[in-house]
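The next block holds one structure in the form of structure tokens; read it before the comments.
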Amino acid sequence: MDLQAAIGQFFDDKGQINLDPRLTLAGLCETLYQAEAAAGTVNRPCLRFWDFSESREGTPIDFTRAEINTRIKSVAARLQQVGTIGDRVAILAGNSPEYIFSFIGALYAGLIPVPLYDPTEPGHADHLTAVLADCKPSIVLTNSTSAAAVRRQFADVPAAERPRILSVDSLPDSLAESYVNPLMTEAGQALLAQSQTAPLDMMAFLQYTSGSTRTPAGVVLSNRSIMTNVLQIFTAAKLKTPLRLVTWLPLHHDMGIILAAFVTILGLEMEMMTPRDFIQQPVRWVRQLSKRDEHNNVYAVVPNFALELAVRYGLPSEEDQVDLSALDGVIVGSEPVTARAIKQFHDAFAPFGLPGNVIRPSYGLAEATLLVATPQGEKNARIVMVDREELSNGRAVIVDESHEKAVPLMSNGSVVRPQQMVIVDPETRAELPDGTIGEIWTHGDNTAAGYLNRPEETQETFRNTLASRLPENSRAEGAPDDDRWMATGDLGVIIDDEIYITGRLKDLIVIAGRNHYPQDIEYTVNHASEHIRPAAIAAFAIEGDDVEKLVILAERDLGRDPSGDAEAIEAIRAAVTSAHGVVPSDIKIVDVDAIARSSSGKIARRVARRHYLGEAE
């Protein structure tokens, strides 16, 4: 199958995305599969899952394109037996082939998958309970590994209210023969007749936010928003085929599940393991990135901390014979990307053939489906030095590296088209010129429909109107004058057509009338003492008698003794006072993993602040 031609059919002669209103993710998956079946190529390996439960070296479990299709249809057929079109289906399991079969199987059955995780995953019990109460699934899909924990999760729920629990790896392949396209059933036809929404704009799945700052909200993603963003990514990142994705990203996270689902839908190759198996031995991931043939282009998508772990614990030995020359792109997102991590990764793996321009710091959020901006073309990740004083005044002024007030900003590339991105004044809602810090707003068909059962929050986030546009060089040019701008809550600045993230609007620290960005302060702390664990810092403000006070929490690095805490605190205090002109009110060194994080692994500053103040969740 010519994948480039298959992708090209969704673009018109002007390069704009043009999707058939009858199209669904499940329909696309089946159409592409049947095309391959007709060509006789469905017996090729597509999915390899690495099981490290019994061997440090891992046991590969392989699935062909045909086997994947059979497993998906088996899940779908069973769901059709016990569920109804539109029912919500929670997926409670760790990374596994069954997770992917469950997710796409629910789509095939016309049900709404809700990607979650194994209930035994530490630190997220409250988040899981809140999500299940919000989405109220009628069915839960799991596998034999997680089944016992899932049953315990619902043990206290009255039997009449308990969802049906299915272990998908116990379903026979023969079930696939009974699968029927749900839109061709009597119930499906009745739904289409009654609905004023085309299949393309119907809900595809619910992606819950991490819940680091509030009760988790279900982001409603349609077939249109998902397919639009995938096509935007495919074009902007200039992905080359044939393609092999190497991933350990948690499948309950938007980045993990959308990438895994689409690689499966398109019939591309994927190697997968669990996040735990990566963290325990990052070299496993590095080995899988290694070149295996002359054809496949290798891609990976990771958060920033993965680069740091790979440098620390993932350097291969000579016996591994790792060759990274086939690596074409490492998209880095989910959390702020640091120049230090990128440089260290390049320096550490260049001897193994790592190309110089593969790291692509990117920006996205669940409300935009996945990706908003990424480096485009053959550029290296760009880092600029700006004046810290001007940054506090809301302007990004580029200075020389030797400037005494220089602070680095990492580019997250340019907006993926067709999507528009503007910087606005959050108070006046007016577009701001390049070089000025403001809130990031986006507009495009990749935007989610809203939050499940949260009309006020949906209105606040997704239904915004620009009060005014720049008279010249407006980045909103061509966008309709409507109320479909999405307010991200992120602060950023555009320099030379690239976006630089400066922080969250609600995390902004204001002391004595001056703005301080927590990421900027955390960068200073990160470089103040080797006693501190990299990227494990939370800076936030608390109320004082007259002005807000700065508090800094920093995790002690692995292997460091608490006896060094006092010296590290003094080094941090001196560095922050000198660089930012503000004396921290309190600096605490805490144990590894003591700082609160979201379910996606981001530092949760507002949760950390509540814990510091002793406030209830």
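Residue numbers (my numbering): 12 to 628. Built from N, CA and C at the ideal position, the CB exists for glycine as well. Being a predicted model, the structure only gives us computed values, none of them experimental.
Kindly indicate which three-state DSSP category residue i falls into: helix, strand or coil?
i      : result
Asp331 : helix
Met396 : strand
Glu450 : strand
Glu319 : helix
Thr196 : coil
Glu305 : coil
Thr95  : coil
Met238 : helix
Thr131 : coil
Thr208 : coil
Tyr310 : strand
Phe21  : coil
Met266 : helix
Glu626 : coil
Val410 : coil
Glu47  : helix
Phe289 : helix
Ala546 : strand
Leu430 : The sequence as given places Gln at residue 430; Leu does not occur at that position. Here Gln430 sits in coil by DSSP.
Gln15  : helix
Glu65  : coil
Phe245 : helix
Leu34  : coil
Arg175 : strand
Ala490 : coil
Phe165 : coil
Val53  : coil
Using DSSP's beta-bridge definition, name the partner residues of residue i.
i      : result
Gly461 : Val231
Glu280 : Arg255
Tyr219 : Gly229
Arg515 : Asp501
Phe60  : Ile72, Met283
Tyr534 : Paired residue(s): none; Tyr534 is not in a bridge.
Asn526 : Val521
Gly375 : Leu382
Pro419 : Met396
Asn475 : Trp496
Val100 : Pro124, Ile150
Ala441 : Ser479
Gly425 : Checking the sequence, you will find Ser at residue 425 rather than Gly. Thr385.
Glu509 : Ile506
Ser107 : Answer is none; Ser107 lacks a bridge partner.
Ala160 : None, per the DSSP bridge assignment.
Ile28  : Phe22
Take the Cβ of residue i as the centre, count every other Cβ of all protein chains shown within 10 Å, and call the residue buried at 16 or more, exposed below.
i      : result
Leu624 : exposed
Leu277 : buried
Glu533 : buried
Leu569 : exposed
Gln243 : buried
Asn29  : exposed
Gln20  : exposed
Ser540 : buried
Met7   : Because the chain spans 12 through 628 in this model, residue 7 falls outside it and cannot be assessed.
Thr513 : buried
Asn464 : exposed
Thr72  : A quick correction: the sequence has Ile, not Thr, at residue 72. Counting Cβ neighbours within 10 Å, Ile72 comes out exposed, since fewer than 16 surround it.
Val93  : exposed
Ser589 : exposed
Asp98  : buried
Arg371 : buried
Gly105 : buried
Thr472 : buried
For the ligand SAH, is there a heavy atom less than 7 angstroms away from the beta-carbon of residue i?
i      : result
Gln355 : With respect to small molecules bound, the structure shown includes none, and the ligand SAH cannot be examined in it.
Write down the C-beta distance between residue i and residue j rounded to the nearest angstrom, noting that I regard them as a contact closer than 8 angstroms.
i      : j      : result
Val504 : Ala407 : 4 angstroms
Pro429 : Gln27  : 6 angstroms
Tyr119 : Ile83  : 6 angstroms
Leu90  : Leu122 : 6 angstroms
Ala384 : Val341 : Actually they are not in contact, since the Cβ atoms of Ala384 and Val341 sit about 16 angstroms apart, beyond 8 angstroms.
Ala339 : Ser301 : Residue identity check: residue 339 is Asp in the sequence provided, not Ala. With 8 angstroms as the limit, Asp339 and Ser301 do not qualify as a contact, their Cβ atoms being about 13 angstroms apart.
Ala352 : Asn308 : At roughly 23 angstroms, the Cβ-Cβ gap does not stay under 8 angstroms, so Ala352 and Asn308 are not in contact.
Phe289 : Arg295 : 6 angstroms
Ile269 : Ile237 : 7 angstroms
Glu578 : Asp602 : With 8 angstroms as the limit, Glu578 and Asp602 do not qualify as a contact, their Cβ atoms being about 17 angstroms apart.
Met396 : Pro419 : 6 angstroms
At 3 residues or longer, and completely inside the region 554-624: list those beta strand (DSSP E) runs for me, N to C.
-> 560-567, 597-601
Runs of beta strand (DSSP E) wholly within the region 335-370 (minimum 3 residues, chain order) = 338-343
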